[in-house]
Amino acid sequence: DAGITQSPRHKVTETGTPVTLRCHQTENHRYMYWYRQDPGHGLRLIHYSYGVKDTDKGEVSDGYSVSRSKTEDFLLTLESATSSQTSVYFCATGQDDSYEQYFGPGTRLTVT
Amino acid sequence: GENVEQHPSTLSVQEGDSAVIKCTYSDSASNYFPWYKQELGKGPQLIIDIRSNVGEKKDQRIAVTLNKTAKHFSLHITETQPEDSAVYFCAASYGGGSNYKLTFGKGTLLTVNP
Numbered sequence: 004d005a006g007i008t009q010s011p012r013h014k015v016t017e018t019g020t021p022v023t024l025r026c027h028q029t030e031n032h033r034y035m036y037w038y039r040q041d042p043g044h045g046l047r048l049i050h051y052s053y054g055v056k057d058t059d060k061g062e063v064s065d066g067y068s069v070s071r072s073k074t075e076d077f078l079l080t081l082e083s084a085t086s087s088q089t090s091v092y093f094c095a096t097g098q099d100d101s102y103e104q105y106f107g108p109g110t111r112l113t114v115t
Numbered sequence: 140g141e142n143v144e145q146h147p148s149t150l151s152v153q154e155g156d157s158a159v160i161k162c163t164y165s166d167s168a169s170n171y172f173p174w175y176k177q178e179l180g181k182g183p184q185l186i187i188d189i190r191s192n193v194g195e196k197k198d199q200r201i202a203v204t205l206n207k208t209a210k211h212f213s214l215h216i217t218e219t220q221p222e223d224s225a226v227y228f229c230a231a232s233y234g235g236g237s238n239y240k241l242t243f244g245k246g247t248l249l250t251v252n253p
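Quick mapping for you: the protein sequence lines, in order, are chains R and Y.
Using my numbering, you'd call the opening residue of the first sequence number 4 and step up by one each time.
Using my numbering, you'd call the opening residue of the second sequence number 140 and step up by one each time.
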């Protein structure tokens with residue numbers, strides 16, 4: 004798993020509350036990605052980072068923000084959680100000059 | 140952007156049979172095509188990949204073929220075993236330059252019956 008951990012692994016929260024998910028890697032990979040996985044939709048890119056403080060939007064970025072203050076950590080924030088954000092969230096990392104991505108174990112988020 | 144279609148969505152085979160999963164992509168600039176295996180409750184794991192300058196790649200019981208003209212690629216698993224049961228995802232690169240992004244298919248649930 005390329006030394007990737009995600010925390011928390013499970014979370015239940017209420018609509019309207021802020022939520023932050025953390026991805027931590029020990030591989031010194033330059034690229035980091037946040038995906039969500041929903042039945043019938045596969046994996047969809049939310050945001051990604053190509054370096055410290057360098058981030059960009061993916062295809063489903065509305066309602067999410069990210070931050071990367073150091074190489075090993077990539078945070079995903081839901082400013083005001085909605086039920087449509089109930090999903091399994093995966094972090095992935097990738098080395099420079101490579102499309103290969105390595106996934107973490109995932110975080111199951113339920114918004115009630 | 141890139142669009143990846145994956146078929147079938149479910150596939151059931153008998154142990155020892157072969158399994159084939161197919162994907163098509165839309166962006167002719169895509170040049171990297173990985174396959175991931177996801178077991179229940181775990182993150183996707185890269186099992187094999189192919190680049191656009193290669194037509195076929197094998198790794199023991201799994202192989203991937205690529206037809207750039209037709210813009211489709213396939214995963215072949217021979218002599219299937221119960222432990223091959225999982226969800227398989229194909230993906231294609233997009234973005235170019237330094238944007239190493241992947242677009243994923245919706246997945247195929249493979250069940251290998253003993």
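Each residue gets a CB set at the ideal place from its N, CA and C atoms; glycine is no exception.
Small disclaimer: the values here were computed from a predicted structure and weren't measured.
Quick check: what's the CA-CA separation for residue i versus residue j?
i: R:Thr29; j: Y:Asp223; result: 29 Å
i: Y:Val203; j: Y:Trp174; result: 9 Å
i: Y:Asp198; j: Y:Ile187; result: 8 Å
i: R:Ser10; j: Y:Asn192; result: 39 Å
i: R:Gln104; j: R:Val22; result: 25 Å
i: R:Asp41; j: R:Val91; result: 7 Å
i: Y:Thr289; j: R:Ser101; result: Residue 289 of chain Y falls outside the range modelled here, since chain Y spans only 140 to 253, and no answer is possible.
i: Y:Ser165; j: Y:Gln145; result: 12 Å
i: R:Lys14; j: Y:Ser232; result: 31 Å
i: R:Ile49; j: R:Ala84; result: 15 Å
i: Y:Ser151; j: R:Val55; result: 44 Å
i: Y:Pro221; j: Y:Gly155; result: 9 Å
i: R:His32; j: R:Leu24; result: 19 Å
i: R:Thr16; j: R:Arg39; result: 17 Å
i: R:Gly97; j: Y:Ile189; result: 17 Å
Does DSSP classify residue i as helix, strand or coil?
i: Y:Pro173; result: strand
i: Y:Asp223; result: helix
i: R:Gln104; result: coil
i: Y:Ser157; result: coil
i: R:Ser83; result: coil
i: Y:Gln184; result: strand
i: R:Gln88; result: helix
i: R:Val63; result: coil
i: R:Ser68; result: strand
i: R:Arg39; result: strand
i: Y:Gln199; result: coil
i: R:Gln98; result: coil
i: Y:Ala168; result: coil
i: R:Arg25; result: strand
i: R:Gly45; result: strand
Is the separation between the beta-carbon of residue i and that of residue j shorter than 9 Å?
i: Y:Leu249; j: Y:Ala225; result: yes
i: R:Phe93; j: R:Phe106; result: yes
i: R:Ser86; j: R:Val114; result: yes
i: Y:Asn142; j: R:Asp59; result: no
i: R:Tyr53; j: R:Trp37; result: no
i: Y:Lys245; j: Y:Ser148; result: yes
i: Y:Thr163; j: Y:Ala230; result: no
i: R:Glu82; j: R:His27; result: no
Check the C-beta distance from residue i over to residue j and give it rounded, since I have them as a contact under 8 Å.
i: Y:Ile216; j: Y:Ser157; result: 7 Å
Does any C-beta atom of chain A lie closer than 9 Å to the C-beta of residue i?
i: R:Gly61; result: Of the chains in the structure shown, none is chain A; the protein chains are R and Y.
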